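Asker:
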Amino acid sequence: MSVVQKETIEVIAQSIGITNLSPDAALAVAPDVEYRVREIMQEAIKCMRHSKRIVLTAEDVDAALKLRNVEPIYGFASNDPLRFKRAAGHHDLFYVNDCDLELKNITEAPLPRAPLDTSVLVHWLAIEGVQPSIPENPPAEALAASSDGKKLECKEEGPPIDIKLPVKHVLSRELQLYFDKIIELTTHKSGTVLFKEALRSLATDSGLHPLLPYFTCFVADEVSRNLTKFDLLFALMRVVWSVLQNQHIHLEPYLHQLMPSILTCLVAKRLGNRLSDNHWELRNFTANLVATICRRFGHVYHNLQPRVTRTLLHAFLDPTKALPQHYGAIQGLAALGPRVVRLLILPNLLPYMQLLEPEMQLEGQKNEIKRQEAWRVYGALLFAAGQCMHDHLKKFPSLPLPMTASTLKLDKKVATILSSEILIYKLSCKRKADMDNLLQQPPLKKLSGDGSMGAIPMNSMHGNMQGVAGGYNADGGVSGMTQQVQNENTPGSSSTRGKADSQAQNASLVLAQAWKDDTDGSRLLSSLFECFGDGMFSFTPAPESLMFL
Amino acid sequence: MDDELVDKVVLRYLKNKGFNDTELKSYEDKLIHSRTSSSPSPIDPQLSQLLLHFGSESESLPAQYQDGYSKLRSWAYGSLDLYKHELLRVLYPVFIHCFMDLVAKGYLQEARNFFNTFREDHEVMHQRDLQKLEGVLSPSHLEEMEFAHTLRQSKVNIKICQYAHGLLYKYLHNTQSITMLGVINEHIHFDPYPGQPSSIIDDSEAVTIVGGGQDAVNLINQKEIQWGVLEDSLEDRLEKTGGLLLESDKVDVENKEGENEETKKKSADGGKQAAPSKKAKKDKVNVAAGKPARPEAITTSIAPRVKPELSLPVMPIEVEQSILDDLRNRVQLSSASLPSVCFYTFLNTHNGLNCASISHDGALVAGGFSDSSLKVWDMSKRGQQTSNSGQSDQEAASNDNVLGTNIDKRPYTLFRGHSGPVYSASFSPLGDFILSSSADSTGMFFKSLWPPRTASCSALGIPFLTYSSINIMIAVRLWSTNLNANLVCYKGHNYPVWDVQFSPFGHYFASCSHDRTARVWSMDRVQPLRIMAGHLSDVDCVRWHVNCNYIATGSSDKTVRLWDIQTGECVRIFIGHRSMILSLAMSPDGRYMASGDEDGTIMMWDLATGRCITPLVGHTSCVWTLAFSGEGSLLASGSADCSVKLWDVNSSTKTTKSEEKNSDTKLILQFSRRNLLFGAGVFSKPS
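As you go down the protein sequences, you meet chains A and B in turn.
First residue of the first sequence? That's 1 in our numbering, and the numbers climb one at a time after it.
First residue of the second sequence? That's 550 in our numbering, and the numbers climb one at a time after it.
#1: Within 9 angstroms of any Cβ in chain A, is that where the Cβ of L1027 (chain B) sits?
#2: Residues of the segment 1049-1064 of chain B with a CB closer than 9 angstroms to any CB of chain A: list them in chain order, please.
#3: Determine, using beta-carbon pairs with one atom in the segment 53-63 of chain A and one in the segment 707-714 of chain B, whether at least three such pairs fall under 8 angstroms.
#4: What is the rounded straight-line gap between the Cα of S883 (chain B) and the Cα of L1183 (chain B)?
#5: What is the residue span of the alpha helix (DSSP H) that L65 (chain A) lies within?
#6: Any C-beta of chain A within less than 7 angstroms: which residues of the segment 1118-1131 of chain B qualify?
#7: Any chance you could list the alpha helix (DSSP H) runs of at least 4 consecutive residues sitting entirely within the segment 298-368 of chain A, in chain order?
#8: What are the start and end residues of the beta strand (DSSP E) that includes Y274 (chain A)?
#9: 9 angstroms is my cut-off, CB to CB: does H50 (chain A) come that close to chain B?
#10: For a cutoff of 9 angstroms on Cβ pairs, would you count R965 (chain B) as touching chain C?
#11: From the DSSP output, in three-state form, read off H1094 (chain B) for me.
#12: Excluding the 5 residues preceding and the 5 following N303 (chain A) in the sequence, name in chain order all residues of the same chain whose CB lies nearer than 6 angstroms to its CB.
#13: Helix, strand or coil for I40 (chain A)? Go by DSSP, reduced to three states.
#14: Rounded to the nearest angstrom, how far is the Cβ of L682 (chain B) from that of N1096 (chain B), given a contact under 8 angstroms?
#15: Can you name the residues of chain A whose CB is closer than 7 angstroms to the CB of H690 (chain B)?
#16: Could you give the first and the last residue of the continuous beta strand (DSSP E) run that contains I1100 (chain B)?
#17: Would a check of beta-carbon distances place E373 (chain A) closer than 9 angstroms to chain B?
#18: Would you report the Cα separation of S1192 (chain B) and S906 (chain B), rounded to the nearest angstrom?
#19: On the DSSP bridge list, what partners appear for A974 (chain B)?
#20: Residues in the segment 112-133 of chain A with C-beta within 7 angstroms of chain B's C-beta atoms, listed in sequence order?
#21: Is the beta carbon of N1098 (chain B) sitting closer than 9 angstroms to the one on V863 (chain B)?
#22: Would you tell me roughly how many angstroms separate the C-alpha atoms of F648 (chain B) and N1199 (chain B), rounded to the nearest one?
#23: Between the Cα of F215 (chain A) and those of A:L175, A:I12, A:L194, spot the shortest distance and give me the residue it belongs to.
#24: Quickly, what does DSSP pair Q1219 (chain B) with across the bridge? List them, please.
#25: Check whether the Cβ atoms of N770 (chain B) and T1158 (chain B) lie closer than 9 angstroms to each other.
#26: Should A88 (chain A) go down as buried or exposed, given a rule of 16 or more other Cβ atoms within 10 Å for buried?
#27: Is DSSP giving Q1050 (chain B) helix, strand or coil here?
#28: List, in chain order, every chain B residue whose beta-carbon is nearer than 9 angstroms to that of L67 (chain A).
#29: Taking only runs that begin and end inside the segment 175-217 of chain A, name each unbroken alpha helix (DSSP H) of 4 or more residues, in chain order.
#30: By a C-beta neighbour count over all protein chains shown, 10 Å radius and 16 as the cutoff for buried, is R497 (chain A) buried or exposed?
#31: Mind listing the chain B neighbours of I54 (chain A)? Cutoff is C-beta to C-beta under 7 angstroms, in chain order.
#32: Do V1046 (chain B) and S1060 (chain B) have their C-beta atoms closer together than 9 angstroms?
#33: Whose Cβ in chain B lies nearer than 7 angstroms to the Cβ of D62 (chain A)?
#34: Mind checking if S1221 (chain B) is an interface residue toward chain A, Cβ cutoff 9 angstroms exclusive?
#35: Ends of the alpha helix (DSSP H) at M259 (chain A)?
#36: Of the choices A:G298, A:L232, A:L289, whose alpha-carbon is the least far from that of A278 (chain A)?
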C-alpha cells in the first residue's frame, strides 16, 4: 500500500551492511521512512515555490534538508531539473540515468565553455493593451496553440547555448516548398533553364522575405562546405545576386552573415577542383556582386566598404597569397570604383609589378599555369589602372595625364618630378610605341611650355597630398583629392601670385627629390609603360585620343 | 434481563479494552454487588440497543468506519440536489477524521485501505492536504505532524442550512451509525442558519484550519479597521489643486499624455530599450499610495482619511513635486483603455533567478539569485549605451563580460553578501536602497537532531523548539544603490526569510519567514519593532497597506491575515484559499486586497468586512505576482503559466483581457505612478 515497503528497507539495510535486520524492525521503520521523506519533499516544494519555479530540483531538496538542520546530500545539486527515465515495464517507475564516467576522460576533457552571464532584455509586452508583433512576443497562432496547455517535454541536455531572442515565425507550406525547390535547383541543377527561371523568380517575387534567413544560412553553409564545387559556388553567388536584385527583400540585417561567404568566393585560394573550372569568371562575378552590395548598403553600414576594402587589400598585398587570390582582390577593388583603385592599388603598383614580372616571363616561371595566372593578374591590374585613368581623363580632359601620373606617385611624394621624369624617359628611351608618346606628350609639353606656371601648383599639391596619402580612407581621401585637384587647377591656371618666392623653394625641392627617387622613378615608369603602354591607350576616351592623335 | 445485557456489554467492552481477567473478575463482583444492593434502574431500551450495537460492532472497528462512511457517502450523494452540496461538504472532514481515528487506533493497513478507497472524492478540492495526510503512517506521526495535529485539536466549522442539518442528524440516528455520529460530534461544529441553502461558491471554508476555531476568527474579524488612505496625502493635495485646473489645462495634460503614448509607441516599434530610462530621470522617487487623482473618479469621495500611526519620513520638496507631476500625467486606465506593458526578460539565468524587483521609475531592475547574489541593472545607463553604439558594440561588451577581462564593464552591479538563495528583494520608494532576504545561515551546524526525538514539543505547539536551539541567523540585508554596498544586516528570523517589503513611504519594512512570524522593522534599528505571530505555517508573502497602519501576510496555512502595526495584533483573517498564498496586493484606495495562490486562483477581499468579493479564476498555475493600477481600476496578475492577465476591479465581473507570452514566467509586475505596467520574468527554454 505504502510507497516504502518493508522489502525496500531490507534491501537498503543489506546495502549498508546490516544483514540481521529483523522483519519487525523493517516493518516499523518503513512507515517512518516514508513519513520523513514526505515531510522533506513538502518542505522542498515550499522552497521551490519561493524560488518561483514549478519544477523541483535537487537544490530544493537540499534547502529543505537545511531547513530541518540535516546535512544536505552533496553532489546532486544542479540548476537543471533532473532527467528522469521511465523504467521499462513499469508505468510509474522512474529513475535518473546515472552512467559511469571514466575519471580520466573527465580530467582530460577540455574545459567547457564558461556559462553565459545573465542579462536583461527590455521589450514591450503590450501597448495600450495590444500586444505588438515583435520577435519577443509570440505570434497570434502560437498563443492560440499554447492555451491548449501543451506539456513541456524533457529534452536531452545540450551544451550551454546563448539564448537569443525567442524568434519564432511560421513558414507557410508554400514557402517551404519553394525553398526546398530552390535549394534543389541550386545544388543539383544549376545549369538548367529551370534554374534561370528560379533566379528570375528570386529577383522579382515579393513574398520571399520570410525565407531570407534560411537562404542566408544556406549560402553560408554551402560555401564553407563546398569550396571545391565550382558549379555550386557559382550558382550560390547567382542566388545571392538575384536576392540582391529583389526590391521586396531587405537584405541589410543579413549582410553580416552573407559577406564572409561572398568574399570567400572572391579571394579564396582555390575555387573548384578542375582545371576547366573558370574560377576567374566567378571571381569577376563576385567582384561585381561585392561592389553592388557596397554601393547599395554603404550608406546604411558605414563600415561596410572600409571593411571589405581592408580585407581585399590585405589579400592583395600579401605576397604569400596565391595569384588567383591577388586576382580576386584586384578585381574586387577595381569593381569598387576608380577612386579605390587610385588610393589602394596604384600606390602599391610598382612593388607589386616587381613581384609579378618574373612570374610572367617564361624564364622566371616555368609552370605554364602559374604564368597564365600571372598574366591574368596583370590583365586585371591593367584593367583597374586603365579604368582609373579613363575616369580621370573624362573628369579632367584639360589636364589628364599629369593628374594620373601624380596620383601614381602619391606615396613617393614626387608629384612634381613625375612630369619631368616622364619627359626624360620619353626622350631617352624610345622603345615604346608612338601611341604612348602621343598620349603622354601633349600635356607634358604643355607643362613644360607653361614652365614655372606648372611647377608652382604641382608643388603646392605635393604638400597637400601628403595628408591624403597617409590614410586609405576612401571617402575622405577621394573627396580631398578632388578638392585638391580643383585647387590645383585654379592656382595653376589663373594665379601667378607668390610665383617668385615659391619658385626658388620648388627648385631645391625638385632637385633634392629628383636624385633620391631617380632609380625608383625610372623603374616605375618603365614597368608602368611596359605593362600598360598599349592598354592605357585603349582606356582613353575616343575624343581625347583623337585629339592627341 | 436488561441488567444482564448491560453487564454483558460492559464486560465485553472491558475485555476489548485489554483489562485482564482478575480485574474483570473484581469488576464483575462489584457489578453483582451493586446490582443486588440497588434497585434495578430503568434503562432506556433504545439505549441498551445502541449499547449492544456498539459492543457487537466493536469487534471490527475498521469495518465499522468503512461501512459508516460509505453509507454516509452514498446517502449524501443521493440526497436532494438542493441540499446536496451542503451535505457533501460534511464528507471531507468526516473522511479525514475517520482516517486519522483509524491511524490513531493503530489500524494502519485498514486506514490506508480506507484512505485509498475514498480519496478520489476529495482529490479535486483538497489534493494538497491529502498528499500531506497520505504520509501519516503511525500514531506518532499524528502527534508530530503539524497539520494533523491542528486538525485533531480544532473543530471544523461548517455552515449549513437548518433543514440540511436536521436531515443529516435524522439520517445518522435512523441508521444508528454511531461511529459517524461520534466523528461528526467530535470534530465538526455546525453553524445552522435558517432559510434556503447558500450557493455553492463559498464552500471551501470548511477545510481551512484556523487556530482558535471559527469563533475566534469571527471575533477577530469584527474588530474595527481604518482602511482609508492617509489624510493630507499627495493625492489630496493634487485634488485640491486639480480642482483649480482650467479645462484648457486639462486638455493640455491630455495632449501630453497622448504625446507620451506616442513616443512610447515609437520607441517600442523601433525596439528601443531606452524608453523606461527616459522617464527614469523624471520620476525618480517615492510612490505614494496611488488613488484616483482625477476628481471624476468615483471612489475618491468615499475613501475616508486616516491619521498615520507611524511617524513617517519627510519627503524632499523636489521629490514631492515630481510625484505630483507624475500623478497629474497619469494615464487613466479601465477595461476599455488598457495599460502599456514594458517587460524585462532575464536571459541565461540557468534556473537561478528567484525573485526580481523593479524600482518605481523602472530604471533599476534587481534580480535575486539562488547562488546568493543580488544583481541590479541600471536601465537608464544601458539605454544610453545602446542608443550610441548600436547592437554590435553591445555584443562586444557582452563578450568582454564572458571573458571577464573588465569587471567594470559588467552590465549590472553585483551585490554579494548573502550566503544562501536570495528569496526576495524590494526597492525603497526612492530607489536608493534595496532590501533583500535570503536563507542566510551563519554557522549552521548539521547536528542530527532531526527527526526530533521528542514529539512532545510539537504536541505542545512549540514545533520549532527542537531545532532552533542551534545557532542559525537569517539575515535581511539592506544595500545602497548609490554606494553599491551592504549597509545593514538585520538578524532576527531563525529561518529563511521568504519575503521582504518596504513600506510605501520607505524607512519601515516588513519581513516574513519560515519561522511563522512576520516582523516589522525600521531601517535604523537592527531589532524588529513588532513581531506578528499567529500563522500556523510559513508566512510566504507580506504587503503593506497603503496607509502604513497595517500589513497583510499570506501563509502556507491558506489564510491571509491583516495585522495592526501599532498593536501587533491580528485584525483580520481571510479564509477561502485552497492552497498556499503566493502573492498579495493592496488597492490604492486601501479598500480591497487581492491574494493569489498556488492553484492560480485570485481572490479579491473587502478589508472592512473580511469577506471575499469575488474569486478571479483564469490562471492555471501559481500566481507569482499581483499589482493594482495607480487609481485602482485594474488588477494585473502574473503567473507561472506564462501569462499576464488584467482584471477589471470596478465592474467586479470577470472581464479579463489577457496578454500572453509564451516563453516567460512572470515574476513581478508593478505599475509606475504614470500607470505604465512594468513586468519582469525569466525566459525559459522552449522545449
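The beta carbon of each residue, even a glycine, is placed where N, CA and C say it ideally should be.
Quantities reported herein were computed from a predicted structural model and do not represent experimental measurements.
Answerer: For this structure:
#1: False, the Cβ-Cβ gap to chain A never drops below 9 angstroms.
#2: H1063
#3: no
#4: Rounded to whole angstroms, S883 (chain B) to L1183 (chain B) spans 6 angstroms at the Cα level.
#5: 58-67
#6: So the close ones are M1129, L1131.
#7: 304-317, 323-335, 346-360
#8: At residue 274 (chain A) the sequence reads Arg, which differs from the Tyr that was named. First-last for R274 (chain A): undefined, no H or E at that position.
#9: yes
#10: In the structure shown, chain C cannot be found, because the protein chains are A and B.
#11: coil
#12: none
#13: helix
#14: About 41 angstroms separates the two Cβ atoms, so there is no contact after all.
#15: Neighbours of H690 (chain B) on chain A, chain order: Y35.
#16: Unbroken beta strand (DSSP E) run through I1100 (chain B): 1099-1104.
#17: no
#18: 18 angstroms
#19: B:S985
#20: Within the segment 112-133 of chain A, the qualifying residues are A114, P115, L116, D117, T118, S119, V120, L121, V122, H123, W124, L125, A126, I127, E128, G129, Q131, P132.
#21: no
#22: 45 angstroms
#23: A:L175
#24: B:F1227
#25: yes
#26: exposed
#27: strand
#28: Those within 9 angstroms of L67 (chain A) in chain B are A988, Y1016, Y1044, P1045, H1063.
#29: The segment 175-217 of chain A contains these whole alpha helix (DSSP H) runs: 193-204.
#30: Any answer about R497 (chain A) is weak, because its pLDDT of 40 lies below 50 and its placement is not dependable; what the coordinates show is given next. Exposed: under 16 other Cβ atoms inside 10 Å.
#31: S1170, C1171, A1189
#32: yes
#33: None at all; the shortest Cβ gap to chain B is about 10 angstroms.
#34: no
#35: Secondary structure note for M259 (chain A): its alpha helix (DSSP H) is the uninterrupted segment 255-267.
#36: First, the residue type needs correcting, since residue 278 (chain A) is Asn and not Ala in the sequence shown. If we check each option's Cα against that of N278 (chain A), A:L232 comes out closest.
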